[in-house]
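Some notes on the structure that comes next.
Protein chains in written order, with the numbering used here: chain C, 1 to 498; chain Z, 1001 to 1459.
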């Protein structure tokens, strides 16, 4: 394809506008529940239905979460910011305007570091969500659900600092981590709590000026963002390489067709007629208040990465896996401390624990969210095996009381019983305690020697590579209970003897 | 307490033909009013001047059970599922909501000729307008139906009809009274106001409805004084400012004469009268007619035929919007929505809206300066003319000039009251007192003194 070779001489320039839903219990400007999944129009009141005469009142918790996110992104949170009305007519926008922020946003000028790159954050502001239009429910009518109307959103706008779809993906994943760590949003894609619009342009490598950009809307998953960026970039490169100009326009991502298409002009060109929201006084935040929010900031992903590498000597790969999910990281850390063995804790958490978690019913984590920010439950409360039980299991392995193989079986049983039994008790009940007693071990070795006489002979006459096979056979014979270290020693004796 | 006052109110309404076939003051009645008044006797802890008193309420204030139409087709028959904070406070004080009163559609007008449900006639001369936009509420008080009515102010909509009808009309400080449940016209100017037969009536009612409301973020947490007690204070030594911009050459001679008499009365009572200047007064009407329509165009966007009120179907969403809003809004409302949409549009915002806000700040500064210079209260005529004939003012801009002396107080956020100061050619004349922000107590004292020396309860 010629488009592909042409694309090679152009550089992609991308800025992202990300909307995340805040984790407040109630809506941004009224006391209605902000919870997802209620029957249609149940979480509504005069304010979020825009009944005549109703007035908005700002949700203080939403302001705090927004400020926390802004500070986590290194932004300056302003002492005074102004709410503004953004106007457009649509049936799921009950007031005919959205309360947002415009020329005086909550915060400006931050940075998000992803690896070696510093992606600048232009602004962070607070606004409200619209309701939902449902066009496929009734044959000849559209339905409106206003449960989402007024739910608080944070808009995070980046500078055009991103240069590739994968870098945009890394930026979004890093942003997601920050939101999870600060408890600002649960960033649940299925519930639409993270939505992305992308400003995309292309320019020849080395060109200092930005090309004409298009805005790609309707991106609701990380993979959609990456695919849409690639697709739109390729389209622009093809236009440019034909010597034509890119038209400034709004594009919609069609995930089903894996392509972008131009939005109808009505969807694209709005004069939003912003003006300061007269129903809400300017949002004034004192330095003391901002400092308090800063002081209550939990550890951020970047700091946690550095600390894990420094304090626990965990591998980069394990750190990535752990840090990506705050609850997993917190669980790991608790186990590492309780067991005094960070390496083993990391192996277990990124191995058995994660595997079990992935296969476990999704609903378990949904029913007991730990990432809910303030007042979160103790680390590990969403995990079936309590921290002290896993730490105990690790200690049993280290002490030689159980083997690795047996430990996996014990872990599976601990998952089944929850915190009801100690690891030791489970090991006893299942008869999985490691056997280090030489007489018992020799009996198993003798049995293997009888059953696999040829291999045993070759090993005795110096074929060292057969040792592993024989140790494995002994372990198997013992039902995983044999102490592999002692078995190794006993086999070495036989080799020497032979 | 008995239901006598409520019964008398309904009897008076019938006698005055307050309904659509007569003066057209009343858009809806509370059929349960008499029973409610009777029930007040049983309630505990109630007392005070409003107990079992019938109240007339402008039809842009949300009431349960009785429709709230704003004088508009687009809300014809609409009944609010919640009630305004001011209504809840009145009812908690034992008052009974008796009538919803006619008004200029969405409070846009100065004559009550813009109601979708017909013009209100002046109780003293049915060929004349009662003023507006709270014309129905002013007329209800003037006709003797009620002692107290609620109106709303955006640019003089309580004071101007109060002046025309010969009753007392109060526009409180912006933030003094909750706007929750007042259907918004221009949010930064709107304030619920009170119409009373006497200063005492108005002071009593304002005392009940004033105060911080957590449901209105623009309401202010400042203690509410006892306005009735404050109104009895002497005006001896009070400095009354007479701003020259409010007494132009062309001022109606009858109104000028009554104002001169009022000034004399203040002097006789021991007040000091000082000539002052509010230099940006001339800009008030143009500034008002940029800011108010801009906010109105936004506030009225919610009337879209989707959730409540009128819906006129068309082929598709856009056609539904067009048909509903074209059919639902009258010509003055349409004019202001278009004007407001224009001044907020990209490319025009700076030239109009932003500049108007700057001039508004200068107008407010005029007031702050004059009050800082030692003036306690300003005295001006409320209106440039007395009540005019129905249909006499057809040019919109000429109609807007009715607000020339009143719009300033809304733009500056300061409290003001219109008090009857006599009549000119048989028609009532209103004098206006303007006080500093949250200076209602002083304002009532001056109003009470003026009422005692000049005014007489009308009708």
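For glycine and all other residues, C-beta sits at the position ideal for the given N, C-alpha and C.
Alpha-carbon spacing of residue i relative to residue j, whole angstroms
i	j	result
residue 64 (chain C)	residue 293 (chain C)	7 Å
residue 134 (chain C)	residue 141 (chain C)	9 Å
residue 241 (chain C)	residue 204 (chain C)	10 Å
residue 112 (chain C)	residue 1157 (chain Z)	53 Å
residue 1339 (chain Z)	residue 1306 (chain Z)	24 Å
residue 1083 (chain Z)	residue 260 (chain C)	48 Å
residue 275 (chain C)	residue 1185 (chain Z)	15 Å
residue 1065 (chain Z)	residue 1088 (chain Z)	13 Å
residue 14 (chain C)	residue 246 (chain C)	15 Å
residue 119 (chain C)	residue 160 (chain C)	8 Å
residue 1319 (chain Z)	residue 304 (chain C)	56 Å
residue 192 (chain C)	residue 445 (chain C)	60 Å
residue 372 (chain C)	residue 24 (chain C)	Note that residue 372 (chain C) scores a pLDDT of 33, beneath 50, so its modelled location is shaky and nothing firm can be said.
residue 1235 (chain Z)	residue 1453 (chain Z)	12 Å
residue 364 (chain C)	residue 382 (chain C)	Interpretation of residue 364 (chain C) is limited by its pLDDT of 38, a score under 50 that renders its predicted location unreliable; the figure taken from the coordinates is listed afterwards. Near 7 Å, if we compare the C-alpha coordinates of residue 382 (chain C) and residue 364 (chain C).
residue 1028 (chain Z)	residue 1019 (chain Z)	9 Å
residue 1215 (chain Z)	residue 51 (chain C)	14 Å
residue 1399 (chain Z)	residue 1113 (chain Z)	11 Å
residue 1224 (chain Z)	residue 1040 (chain Z)	25 Å
residue 312 (chain C)	residue 356 (chain C)	23 Å
Test: residue i CB closer than 8 Å to a CB of chain C
i	result
residue 1327 (chain Z)	no
residue 1321 (chain Z)	yes
residue 1317 (chain Z)	yes
residue 1188 (chain Z)	yes
residue 1073 (chain Z)	no
residue 1439 (chain Z)	no
residue 1084 (chain Z)	yes
residue 1245 (chain Z)	no
Reduced DSSP category for residue i - H, G, I as helix; E, B as strand; rest coil
i	result
residue 3 (chain C)	Residue placement at residue 3 (chain C) is poorly supported in this model, since its pLDDT is 40, which falls under 50; the coordinates are not used for a value here.
residue 1161 (chain Z)	helix
residue 433 (chain C)	coil
residue 1134 (chain Z)	coil
residue 259 (chain C)	strand
residue 129 (chain C)	coil
residue 1093 (chain Z)	coil
residue 1298 (chain Z)	helix
residue 1467 (chain Z)	Nothing can be reported for residue 1467 (chain Z): it is not among the residues displayed for chain Z, which extend from 1001 to 1459.
residue 1442 (chain Z)	helix
residue 220 (chain C)	coil
residue 474 (chain C)	helix
residue 343 (chain C)	helix
residue 468 (chain C)	helix
residue 480 (chain C)	coil
Chain Z within 8 Å of residue i, Cβ atoms only
i	result
residue 87 (chain C)	yes
residue 514 (chain C)	Residue 514 (chain C) lies beyond the residue range present for chain C, which begins at 1 and ends at 498; the question has no answer from this structure.
residue 139 (chain C)	no
residue 285 (chain C)	no
residue 53 (chain C)	yes
residue 27 (chain C)	no
residue 150 (chain C)	no
residue 271 (chain C)	yes
residue 196 (chain C)	no
residue 126 (chain C)	no
Contact test: residue i Cβ vs the ligand GDP heavy atom, cutoff 7 Å
i	result
residue 201 (chain C)	Absent from the structure shown: the ligand GDP. Ligands present: none.
Would you call the stretch 144–160 of chain C and the stretch 27–43 of chain C touching, i.e. three or more CB-CB distances under 8 Å? yes
Check whether the stretch 1083–1101 of chain Z and the stretch 1133–1140 of chain Z are in contact - that is, three or more C-beta pairs closer than 8 Å. yes
With three or more beta-carbon pairs closer than 8 Å as the criterion, would you say the stretch 1357–1375 of chain Z touches the stretch 1248–1262 of chain Z? no
Given 8 Å, three or more beta-carbon pairs between the stretch 101–111 of chain C and the stretch 65–75 of chain C: yes
Taking 8 Å as the threshold, find out whether the stretch 161–181 of chain C comes into contact with the stretch 224–243 of chain C through three or more Cβ pairs. yes
Pairing CB atoms from the stretch 182–189 of chain C with CB atoms from the stretch 75–82 of chain C, are three or more of them under 8 Å? no
What are the start and end residues of each continuous beta strand (DSSP E) run of 3 or more residues lying completely inside the stretch 118–189 of chain C, in chain order? 132–138, 141–145, 152–158
Complete runs of the beta strand (DSSP E) confined to the stretch 1366–1392 of chain Z [at least 3 residues]: 1377–1381
If contact is defined by three or more beta carbon pairs under 8 Å, each pair taking one atom from either stretch, is the stretch 1068–1081 of chain Z in contact with the stretch 1001–1010 of chain Z? no
Jot down the residue ranges of each uninterrupted beta strand (DSSP E) in the stretch 189–243 of chain C, minimum 3 residues, whole runs only, in chain order. 194–204, 214–219
Complete alpha helix (DSSP H) runs within the stretch 311–355 of chain C (minimum length 4 residues, chain order): 316–324, 326–339, 342–348
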